[in-house]
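One structure is given below, encoded as structure tokens.
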Amino acid sequence: MSLNECVKCWDDPCSCGWEYKHLSIESLEGLIKQRTLPFQMVLEYKKAHPDVQLSSSTFSERDSDKDFYKYSCKRRTELEESETVEHEE
Ligand SMILES: [Zn+2]
């Protein structure tokens with residue numbers, strides 16, 4: 002049993018929301034962003050490069066994998082900066 006396992010749904014991480022019910026709206030929005038951002042970046046990259054072949058192995062990096070990583074690092078900075086601007090209103 003993992004320490005992160007939810008006492009209600011027994012999922013790790015919790016899938017029913019019980020474990021997050023005490024968090025502030027700000028924390029929840031931050032978490033959603035943090036969790037969805039990586040998926041969003043891979044999705045964007047794949048849509049922009051429909052024929053790209055990315056490796057599923059951590060130990061074999063192709064040029065396309067390196068290219069993706071470069072893209073995701075740049076994109077992440079962009080997305081985080083745009084987020085900061087929104088909060089300044
Ligand atoms: Zn749960």
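Each residue of the sequence shown is one higher than the one before, starting from 2 at the first, in the working numbering. Every residue, glycine too, gets a C-beta built ideally from N, C-alpha and C. Since we're looking at a predicted model, the values are computed, not measured.
- Item | Helix, strand or coil at S58 according to DSSP, with G and I counted as helix | coil
- Query: Does DSSP put L24 in a helix, in a strand, or in coil?
  - Reply: coil
- Indicate whether the contact test is met: 3 or more Cβ pairs, each with one atom in the segment 15-27 and one in the segment 57-73, closer than 8 Å. no
- Expressed to the nearest angstrom, what Euclidean distance is found between the alpha-carbon atoms of L24 and E30? 10 Å
- Are D66 and S73 close, meaning C-beta to C-beta below 8 Å? no
- Message: So if I measure from each beta-carbon to every heavy atom of ligand 1 and keep distances below 7 Å, which residues remain?
- Response: C7, K9, C10, D12, C15, S16, C17, G18, W19, E20
- How would you label P39, buried or exposed, when you count the other beta carbons within 10 angstroms and need 16 or more for buried? exposed
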